[in-house]
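One structure is given below, encoded as structure tokens.
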Amino acid sequence: MSSELIRRTAAELAAMIQAREVSAVEVTQAHLDRIAAVDHVVHAFLHVDAERALAAARVVDEEVAAGQGPASPLAGVPLALKDVLTMRGAPTTCGSKILESWLPPYDATVTTRLLQAGIVILGKTNMDEFAMGSSTENSAFGPTRNPWSTDRIPGGSGGGSAASLAAFEAPLAIGTDTGGSIRQPAAVTGTVGVKPTYGGVSRYGLVAFSSSLDQAGPCARTVLDAALLHEVIAGHDPLDSTSIDAPVPPVVAAAREGASGDLSGVRIGVVEEFSGEWYQAGVLASFHAAVERLRELGAEIVEVSCPHFTYGLSAYYLIAPSEASSNLARFDGMRYGLRTGNGGTAEEVMSLTREAGFGPEVKRRIMIGTYALSAGYYDAYYGQAQKVRTLISRDFAAAFEKVDVLVSPTTPTTAFPIGERVDEPLAMYRADLCTIPANLAGSPAISVPCGLSDEDGLPVGLQVMAPTLQEHRMYRVAAAYEAARGEPLTNRVPELEMMAR
Ligand code: GLN
612 MSSELIRRTA AELAAMIQAR EVSAVEVTQA HLDRIAAVDH VVHAFLHVDA ERALAAARVV
672 DEEVAAGQGP ASPLAGVPLA LKDVLTMRGA PTTCGSKILE SWLPPYDATV TTRLLQAGIV
732 ILGKTNMDEF AMGSSTENSA FGPTRNPWST DRIPGGSGGG SAASLAAFEA PLAIGTDTGG
792 SIRQPAAVTG TVGVKPTYGG VSRYGLVAFS SSLDQAGPCA RTVLDAALLH EVIAGHDPLD
852 STSIDAPVPP VVAAAREGAS GDLSGVRIGV VEEFSGEWYQ AGVLASFHAA VERLRELGAE
912 IVEVSCPHFT YGLSAYYLIA PSEASSNLAR FDGMRYGLRT GNGGTAEEVM SLTREAGFGP
972 EVKRRIMIGT YALSAGYYDA YYGQAQKVRT LISRDFAAAF EKVDVLVSPT TPTTAFPIGE
1032 RVDEPLAMYR ADLCTIPANL AGSPAISVPC GLSDEDGLPV GLQVMAPTLQ EHRMYRVAAA
1092 YEAARGEPLT NRVPELEMMA R
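Below you can see the structure in the form of structure tokens.
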């Protein structure tokens, strides 16, 4: 029973719990057992709180027994929370030594909404330190492994969240996406990941990396599950000054409509700029096959040029580090977590704490950002990057006059071997080539599995991008594609129990 339960979708589990075919406690226990069986190999979690999860599940079961209606369409379903979002009383490390002993005194708005929805939070997932990276190798607590091939990276920065789904440790997860950290891990683990419109989901309690780009979003194994989770976490929050006060796009209805598989009348633009020397042939082959599939479903396919997208990577790697250099100033040995150099002057404590607490990639970003913002270089670097950002937004606007959504591969390559790019920052950054434009423009995008590469048998992601607050368009297209492709790709993840202790 429990090995069957972990393979169910979140929507199925929620329905079974309401129908009293299974209890939320049994569902939660099945996932805790799975974590106990495989997470020593996968290392998706930094922290699991079984007692707290089971207590939350018990509350849902009591409500079902009392004949109360469900708190949400996902009541009783377990979830893995990225360790960059606060949860009262649970460690929030952001994958960093500098926060190792910190216990947040408050819940992120995303966490509050999950708890109010009756969703059972299993624990906190591994990530690149402060969400900087594309492989989860920058975690201070060791890498996460890709369940498809455990010598490969699970993507990053939210590799733990994506791997927990592919390893059947959780049916739902939350990620955050500043330059691709939800979508790239989704692509390389054969799962679904969504970056909502900037301002669509509250950033209150999301530890800031690059405040003008950071956005939390849903991760799941199916498009419908992602949509259900999206509607739980999205919506206006007065505690976040950049939160949009507008209705949440109807993504669940769009996912259900899309599943019927008809895309007639939908205009889909293929971004011309996303191909070339950095792209694996197997990725492009899967992508082009997906585009043909969309055409068969009735969509009109057109080539679209977005000439400034190629500068996205350079602009992002100035803007994001600039904001990070300012945001990470708060980790000073005084206010949170680690303190080194007690007894020294304030300056000594700050500098020793930061030296000991931050890893090399975080230090690199702080130095690049500080440089880009410094007097004399500001206009040449930060100012220039902001202009590119505007040009990218204009490319999107022009494209969306011609088409309803844009599509591209999510990543240029499949999951690369652990260790391959750790000494080559630029090669690591190239993983974000296709995902960054949506962050810079603030628009939404989804990654949906589009089969296995014929080169290496590893998952490939199809990215669907939509205009601001038009998430329903991309959910509809992704759901139609998913239904046409067949069973969830994760059904083909190799059996991890083989590696049990
Ligand atoms: N890989 C990108 C980076 O290293 C994106 C990170 C993210 O989206 N949090 O900055």
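Under the working numbering, the residue at position 289 of the sequence shown is numbered 900, and the numbers go up by one with no gaps.
Ideal Cβ placement from N, Cα and C applies to all residues, glycine included.
Bear in mind that the values here come from a model prediction, so they are computed numbers and not experimental data.
Pick from the options that is closest to residue i, judged by C-alpha positions
{"i": "Glu-884", "options": "Pro-1028, Val-1018 and Arg-1103", "result": "Val-1018"}
{"i": "Leu-610", "options": "Ala-773, Ala-896 and Gln-727", "result": "With the chain represented from 612 up to 1112, any question about residue 610 goes unanswered, as that position is not in the structure."}
{"i": "Ala-910", "options": "Val-688, Ala-935 and Gly-880", "result": "Gly-880"}
{"i": "Ala-1026", "options": "Thr-1101, Cys-705, Thr-800 and Ala-668", "result": "Thr-800"}
{"i": "Tyr-1086", "options": "Pro-758, Tyr-717 and Lys-806", "result": "Lys-806"}
{"i": "Gly-786", "options": "Arg-867, Asp-762, Val-695 and Arg-763", "result": "Val-695"}
{"i": "Gly-1068", "options": "Leu-874, Ala-940, Val-894 and Gly-987", "result": "Val-894"}
{"i": "Asp-660", "options": "Val-670, Pro-702 and Leu-624", "result": "Pro-702"}
{"i": "Gly-1030", "options": "Arg-763, Ser-683 and Glu-1012", "result": "Arg-763"}
{"i": "Ile-855", "options": "Arg-814, Leu-839 and Leu-710", "result": "Arg-814"}
{"i": "Met-743", "options": "Met-1039, Leu-1051 and Cys-1045", "result": "Met-1039"}
{"i": "Leu-835", "options": "Arg-1103, Pro-1105, His-1083 and Val-1104", "result": "His-1083"}
{"i": "Pro-1020", "options": "Thr-697, Gln-629, Gly-887 and Leu-824", "result": "Gly-887"}
{"i": "His-651", "options": "Thr-755, Ala-870, Thr-833 and Val-999", "result": "Thr-755"}
{"i": "Tyr-922", "options": "Ala-1049, Glu-1066, Met-738 and Phe-969", "result": "Ala-1049"}
{"i": "His-899", "options": "Val-1071, Ile-709 and Arg-618", "result": "Val-1071"}
{"i": "Glu-959", "options": "Val-973, Asp-943 and Phe-969", "result": "Asp-943"}
{"i": "Pro-1060", "options": "Arg-1041, Leu-1044, Arg-1103 and Ile-1047", "result": "Arg-1103"}
{"i": "Glu-637", "options": "Leu-657, Asp-672, Ala-648 and Pro-758", "result": "Asp-672"}
{"i": "Ser-985", "options": "Ala-677, Arg-1000 and Leu-929", "result": "Leu-929"}
{"i": "Ala-1180", "options": "Val-670, Val-649 and Ser-1064", "result": "Any property of residue 1180 remains undetermined from this structure, which presents the chain solely from 612 to 1112."}
Where residue i falls, given that 16 or more other Cβ within 10 Å makes a residue buried
{"i": "Leu-850", "result": "exposed"}
{"i": "Leu-1073", "result": "buried"}
{"i": "Glu-780", "result": "buried"}
{"i": "Leu-1037", "result": "exposed"}
{"i": "Glu-632", "result": "exposed"}
{"i": "Val-913", "result": "exposed"}
{"i": "Thr-736", "result": "buried"}
{"i": "Ala-664", "result": "buried"}
{"i": "Asp-848", "result": "buried"}
{"i": "Ala-991", "result": "exposed"}
{"i": "Glu-1093", "result": "buried"}
{"i": "Asn-953", "result": "exposed"}
{"i": "Ala-693", "result": "At residue 693 the sequence reads Lys, which differs from the Ala that was named. Burial call: buried."}
{"i": "Glu-842", "result": "buried"}
{"i": "Ala-1111", "result": "With a pLDDT of 47 at Ala-1111, under the threshold of 50, the modelled position of that residue is not reliable, and the figure given next carries that caveat. That one is exposed."}
{"i": "Tyr-890", "result": "buried"}
{"i": "Gly-1119", "result": "Residue 1119 lies beyond the range of the chain shown here (612 to 1112); nothing can be said about it."}
{"i": "Asp-1034", "result": "exposed"}
{"i": "Met-698", "result": "buried"}
Presumed contact (8 Å Cβ cut-off) between residue i and residue j, rounded CB distance
{"i": "Thr-808", "j": "Thr-1079", "result": "5 Å"}
{"i": "Ala-574", "j": "Cys-830", "result": "Because the chain spans 612 through 1112 in this model, residue 574 falls outside it and cannot be assessed."}
{"i": "Ala-845", "j": "Val-812", "result": "5 Å"}
{"i": "Phe-752", "j": "Phe-820", "result": "Not really, about 18 Å apart at Cβ, beyond 8 Å."}
{"i": "Val-731", "j": "Ala-626", "result": "Wrong, their Cβ atoms sit about 16 Å apart, outside the cutoff."}
{"i": "Thr-747", "j": "Gly-767", "result": "4 Å"}
{"i": "Val-1016", "j": "Met-945", "result": "That belief does not hold up - the Cβ atoms of Val-1016 and Met-945 are roughly 47 Å apart, past 8 Å."}
{"i": "Leu-725", "j": "Leu-776", "result": "Not really, about 16 Å apart at Cβ, beyond 8 Å."}
{"i": "Leu-1051", "j": "Tyr-927", "result": "6 Å"}
{"i": "Glu-934", "j": "Ser-1054", "result": "Not really, about 19 Å apart at Cβ, beyond 8 Å."}
{"i": "Arg-832", "j": "Pro-782", "result": "7 Å"}
{"i": "Cys-917", "j": "Asp-825", "result": "Cys-917 to Asp-825, Cβ: 23 Å. No contact."}
{"i": "Thr-1022", "j": "Ala-798", "result": "5 Å"}
{"i": "Ala-1010", "j": "Ile-1057", "result": "In fact, because the Cβ distance is near 17 Å, the residues do not count as touching under 8 Å."}
{"i": "Gly-804", "j": "Gly-828", "result": "7 Å"}
Residue i Cβ short of 8 Å to ligand 3 heavy atom set
{"i": "Tyr-809", "result": "The model on display carries ligand 1 but not ligand 3."}
Residues bridged to residue i (per DSSP)
{"i": "Leu-690", "result": "Ile-732 and Leu-783"}
{"i": "Val-882", "result": "Val-915"}
{"i": "Gln-1074", "result": "Ser-1019 and Ser-1058"}
{"i": "Ala-845", "result": "Val-812"}
{"i": "Leu-1063", "result": "Pro-1070"}
{"i": "Pro-858", "result": "According to DSSP, Pro-858 bridges with nothing at all."}
{"i": "Pro-1028", "result": "Arg-763"}
Item to complete: Could I get the ranges of all uninterrupted alpha helix (DSSP H) runs contained in the stretch 963-993, with 4 residues as the minimum, in chain order?
Response: 971-984
Practice prompt. Please go through the stretch 628-713 and give each complete alpha helix (DSSP H) segment of 4 or more residues, from N-terminal end onward.
Written response: 635-653 and 661-676
Worksheet item: If you scan the stretch 757-831 from start to end, which runs of the alpha helix (DSSP H) of 4 or more residues do you find wholly inside it?
Response: 770-777 and 794-800
Item to complete: Write down every uninterrupted run of the beta strand (DSSP E) in the stretch 890-950 whose length is 3 residues or greater and which is fully enclosed by it, in chain order.
Response: 911-915
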